[in-house]
Every structure is written in C-alpha cells, then in structure tokens.
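A quick write-up on the structure given underneath.
Protein chains in written order, with the numbering used here: chain S, 1 to 295; chain H, 1001 to 1337.
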C-alpha cells in the first residue's frame, strides 16, 4: 500500500514536470503549428544556468530558488534568439523546413552545451530544503507538492492569460488566420516572439522543478525530456493548455507505475507505445479539437 | 531498349569499374603505407553511410515525409544479420556467401519491421509521422536493450568481420543502382505524384497508403542492408548507438545533400563520413557545424545543396566530347541524353 501511494506521489511529481514542459510545446504548436524540437533543450539551458546561479544565490544569502529568475531571463533570451535567428526566416517555407530547422537548433544547442560545459554531468546544489512527512507509510516530500502546485498555478495562469487578456486573444487569433489578424492590427511577429518568450520561460521553471527532484544536468537531458513532454502534449491534444496538463500527468503516472509494477526496463517503450496508440485512435489527442484538412 | 540508353548503361558500368580499379590499385599497391587500412576503413564507412542516406532520401525526398527513426531500421538489420552470421559461422561457408546472406537477411528483417511500422504510422502525415517514427525507433532500441539474444543492453561483440571494402563497394553500387531505377520506375514516379499532391493522386485512382507503405518498406530494406554492413564492419555494437541522434544525423546529411537528389545524398554521405576522420581533433565541433550548415541551407536553399539535380556520367562525357569537337561552340550538345 505504501509503495502504491509512493508511486502515485512520484508519478504526479514526474507528471507535473512533464506538464510544465508540455505547456511550452503546446503554446508554440498552438500558434505557429510547428513542433519546436529545441524546446527540450531550453530546459537544459535552464538547468545549466541554475547550476551556475544557485551557488551564487546561496553566497549572497538569498534563497536558492531565486536563481530561477536569472534562469528564466537566460531561457527567454535563448528562446527569442532562436526564434528570430532561425525560425523566422523559414516561417513561410512550409512545415518541412520548419521541422528541420527546429531539429537543427536542437542539435546546435545540445552540442554547444557540450563544447561549453563538457560532456560530464554536473550536479546542481540542493534548491529546496524542505522536510518530508509520512503519509500511510509513504514519504511525501513537500517539494513534490510544490512542483505539483506550481504546475497547476502555471496552467491556470496561462489559461486565464490566453482567454482573458488582449495579448492572449491575439495569440489565439494568429493561428486562425494570419492575414486577417494583420488587418486587425496585430503584429504577428511580435505575438510569435512573445509566445516563444513565454514558452521558454516555462522551460526555465520546469528546469527548476526537474533539478530539485534530480539534482544533475547533462547536455542530452533536454532531448529525452523533450520527447516525453511532447508525448504528453500530443496525448492531451496539442494546442490545448489543460490537455498538456492532463497528458503530462498521465505520462508521469504511467512511467512510474510501469517502472515499479510491470517491467523496469520497458517503461520508455510503454510510454512511446501509448503515444502511437493515441495517435492512431484519436490523432487530435484527448482534449484536442479536430481542425479538419483544407484541400 | 533504345540505343542511347544502352550506351549510357555501358558508360556508367565502365565508370564504376574504373573507380573500383582505381581504388583497388590504391589499396593493393600500398602507396599510402601504414595508413592504407585506415583509409580503407573510411571508405567502408562511406559505403554503408551512402546506402543509409540514399535509402532515407527515398522517404524524405521522394515521398516528402520525414522519418526520424531510420537508425531503428538500421539496428534491426544489424542485429538480425549479426545473430544469423554468429550461428552460421562455424559451418565453414565461404565468406562471400555468408556476407551476401547477412545483407539479405538484414534487409529482409528491416523490411518486415518497415511494413509493421509503416501500416499504422503512414496514416499520419507531417510532424506527427516524424514523431511516430521516433517513437518506433525508441521502442526498437528499448527492446534490443532487454532481449537476451541481443546482449541485454550490453555490447554485442565478436561479430564476424565480413565487411571487406571491395564487397561493400559492389553491394553499395547495386543498392544505389536499384534505388535509382526504383525512383525512375512506375512505382517511384507514383510515389513522387503522391508527394506533389496526395489528394489529386488518390483522386486519380492511386492507392496512396499502399504506395507509401511500399516505399517505406523499400527504404527500410536498404537501411537494413546498411545496418548489416555496419555490424560486420564494426564487429561490436550496442543498442544505444542507434539512438535519436544518429537518425537526426542521417536526416541532416540527406537535407544538406539535397532532397530528391540521390547524387546529393551520395556526395553528402561520402563527404560527411570522411570529414570526422579528417579533422579528428575538432570532433566535438562536428555536429555543431552540421547544425549551423543545416540552418543556413534551410534559410538560403531549402531544397538542399544539390536540389533535384542528378549527376550523369553520360551527359558529362557528351559535354566533354562536344567541347573537344567544337571548343568555341556556345551550346554543348547533349549527345547521349
């Protein structure tokens, strides 16, 4: 029983991290219909900046989590730079070019990190020193609760932002019809850049959550995390913000439960099969809307 | 067969033979001294890379769909052929026969996997297909990490070293020739029609799914052959070699070379497999340079460096002949085109 509860807690924690990353995928896909393969690597960027800024914060006597502010700034800079330098020139060239460019940026960031920081994993200092409590024999760490609640806060905040604010409304208008939104006085380029900024900022928060659970960063952490989070986004229905949350939680829970109860070596295969299964049954995902194809 | 076409076939065969004899002479005469076997190794690497990249180009260039899981098919071919040759090695078969069997088995295993993956995956298009192929490749990798027969996640070593350069060269020539003929055949042209407009193609009575799965299977078959060569050249392998990165690298080579140009794939693959050896001290910058080149190619020349241009020896000879006959003529006559 305690193992079961422990698994649920671990799964929810894992799922909340995936959900935070998936939110970034969903934001970008929702607006320019492009899979930002480099999004996973933004998390890596965030994790490495935490590696350098956490000791700095501790030195100056500030709480360690304040390092996330610098990490967000770094990630937003990287995200916006990638968008302007690489994605913007190929935006009109079709989805194939966009996908290749995204892949190239992912390779670029990963290998740049390899050149800058070396191939050895770095261990990030402890970010939260929170106690843990016993619930029915399972160890419940407060930081897990924190991760889950941050995930929910982000989702609700983002949902309100997209639905209520003027900027959010513009964000929803752009994918519907670019020309018409230009005529309505929306600066499409600015909206897309803002979307990237928000997405990469979320990646920095996800990096904080990830590093508090697994205190190490490697140059290839982004691609694997990114793929899992992408699965979460597709599972929930890409383009839908609550969908990303639901998908993330499902992927996290499935992963931990397979690891603990079924076959430890096979958990990745099962996660990927889940993706294939969902895409074949309902390509738009659990909460996605069917867009229909134009001839 | 028209006379000019027959002539062009003969010219191409002679060209391939000349190249082979040149390389044979280079390696047998030992002009390069101690570096001979090293250079031979690079050429063998180039052979299987060329097969892999051209086979991926069948999907990316001729079908217009992404596969980011090509390393998965390659690993199926590699493991299937390695397991087979391990069990057949003690029967004293001639090595060439064993090599051919290994290639065919590797190709067949990968083709079976291609059908299994292709039927469900090709219902999706574009980005989703790319992701599903990644997922399938990862599933294959995880499976190979867990099966006892593939080494349970440890290095599988002691595979017979069968990939002799001369054999690999001819295998490569045959594979590329078959792929070239395939792209010019009725099937290949149908696949190109589907790429151009799948709705119009299906309205003209083409069974889109059938041709897509066929193309996918053929591509997987050649990837399996490439994998079998790889396994018998390296003699040791681990499932994690065939990861997402490797697939992405192959895709990079296809795109940089030119989607829709087998020449581009061949030159791209040959060049990029020699490059890391030539500048070993900069090896960490290699992928970094690839990705920068890839972005630049995407921005300035989205079709790749060679686009859809194909090299033709016959045309080249025709041009040279015309130039010799009338050096100042403004137009080169394309005698044999």
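The C-beta atom is built at its ideal place from N, Cα and C for all residues, glycine as well.
Minimum Cβ-Cβ distance from residue i to chain S less than 7 Å
i                       : result
residue 1127 of chain H : yes
residue 1256 of chain H : no
residue 1320 of chain H : no
residue 1298 of chain H : yes
residue 1291 of chain H : yes
residue 1239 of chain H : no
residue 1276 of chain H : no
residue 1142 of chain H : yes
residue 1310 of chain H : no
residue 1215 of chain H : no
residue 1248 of chain H : yes
residue 1194 of chain H : no
residue 1253 of chain H : no
Start and end residues, alpha helix (DSSP H) containing residue i
i                       : result
residue 229 of chain S  : 221-236
residue 1186 of chain H : 1186-1196
residue 40 of chain S   : 39-59
residue 1110 of chain H : 1095-1121
residue 1259 of chain H : From DSSP, residue 1259 of chain H is part of no alpha helix (DSSP H); its letter is neither H nor E.
residue 265 of chain S  : Here residue 265 of chain S belongs to no alpha helix (DSSP H), and DSSP marks it neither H nor E.
residue 200 of chain S  : 188-213
Straight-line gap, residue i to residue j (C-alpha atoms, nearest Å)
i                       : j                       : result
residue 1074 of chain H : residue 183 of chain S  : 50 Å
residue 56 of chain S   : residue 70 of chain S   : 11 Å
residue 14 of chain S   : residue 214 of chain S  : 10 Å
residue 199 of chain S  : residue 154 of chain S  : 11 Å
residue 35 of chain S   : residue 99 of chain S   : 7 Å
residue 1021 of chain H : residue 1045 of chain H : 19 Å
residue 66 of chain S   : residue 1067 of chain H : 42 Å
residue 1057 of chain H : residue 1182 of chain H : 12 Å
residue 83 of chain S   : residue 206 of chain S  : 20 Å
residue 12 of chain S   : residue 158 of chain S  : 20 Å
residue 222 of chain S  : residue 1157 of chain H : 31 Å
residue 295 of chain S  : residue 40 of chain S   : Here residue 295 of chain S scores only 43 on pLDDT, less than 50, and its place in the model should not be relied on; the value that follows carries that caveat. Residue 295 of chain S and residue 40 of chain S: Cα-Cα distance of roughly 33 Å.
residue 1188 of chain H : residue 1178 of chain H : 11 Å
residue 1163 of chain H : residue 1028 of chain H : 17 Å
residue 108 of chain S  : residue 234 of chain S  : 25 Å
residue 1100 of chain H : residue 202 of chain S  : 53 Å
residue 1267 of chain H : residue 1257 of chain H : 7 Å
residue 1318 of chain H : residue 1264 of chain H : 21 Å
residue 237 of chain S  : residue 92 of chain S   : 25 Å
residue 314 of chain S  : residue 30 of chain S   : Only positions 1 to 295 of chain S appear in this structure, which leaves residue 314 of chain S out of reach.
residue 1008 of chain H : residue 112 of chain S  : 47 Å
residue 1038 of chain H : residue 1052 of chain H : 21 Å
residue 149 of chain S  : residue 1226 of chain H : 49 Å
residue 232 of chain S  : residue 1063 of chain H : 28 Å
residue 90 of chain S   : residue 1324 of chain H : 44 Å
residue 140 of chain S  : residue 211 of chain S  : 18 Å
Contact with chain H by residue i, beta-carbon distance below 7 Å
i                      : result
residue 302 of chain S : As shown, chain S starts at 1 and ends at 295. That puts residue 302 of chain S outside it, with no answer to give.
residue 97 of chain S  : yes
residue 36 of chain S  : no
residue 268 of chain S : yes
residue 277 of chain S : no
residue 294 of chain S : At residue 294 of chain S, the pLDDT of 43 sits below 50, so the modelled position is not reliable; the number obtained from the coordinates is stated separately. No, its Cβ sits nowhere closer than 7 Å to a Cβ of chain H.
residue 210 of chain S : no
residue 286 of chain S : no
residue 265 of chain S : yes
residue 189 of chain S : no
residue 272 of chain S : yes
residue 280 of chain S : yes
residue 244 of chain S : no
Element boundaries [beta strand (DSSP E), containing residue i]
i                      : result
residue 133 of chain S : 132-135
residue 107 of chain S : No beta strand (DSSP E) contains residue 107 of chain S, which is instead part of the alpha helix (DSSP H) from 95-117.
residue 139 of chain S : 138-141
Whole-number beta carbon distance between residue j and residue i, since they are thought to touch under 8 Å
i                       : j                       : result
residue 1141 of chain H : residue 1239 of chain H : 5 Å
residue 266 of chain S  : residue 258 of chain S  : 7 Å
residue 1107 of chain H : residue 1072 of chain H : So it is not a contact: roughly 15 Å between Cβ atoms.
residue 1203 of chain H : residue 1089 of chain H : Wrong, their Cβ atoms sit about 53 Å apart, outside the cutoff.
residue 1048 of chain H : residue 1230 of chain H : 5 Å
residue 229 of chain S  : residue 252 of chain S  : Incorrect: roughly 10 Å between the Cβ atoms, too far for contact.
residue 1342 of chain H : residue 1122 of chain H : One cannot answer for residue 1342 of chain H here, as it falls past the ends of chain H, which runs 1001 to 1337.
residue 1134 of chain H : residue 1300 of chain H : Rounded, the Cβ-Cβ distance is 27 Å, inconsistent with contact.
residue 1221 of chain H : residue 1110 of chain H : 6 Å
residue 127 of chain S  : residue 64 of chain S   : 5 Å
Min CB distance residue i to chain B below 7 Å
i                       : result
residue 1295 of chain H : Although the question refers to chain B, the structure presented lacks it and instead comprises the protein chains S and H.
When you compare the segment 46-63 of chain S with the segment 274-286 of chain S, are there three or more beta-carbon pairs, one atom per stretch, that lie closer than 8 Å? no
Does the count of Cβ pairs from the segment 1246-1262 of chain H and the segment 1147-1167 of chain H closer than 8 Å reach three? no
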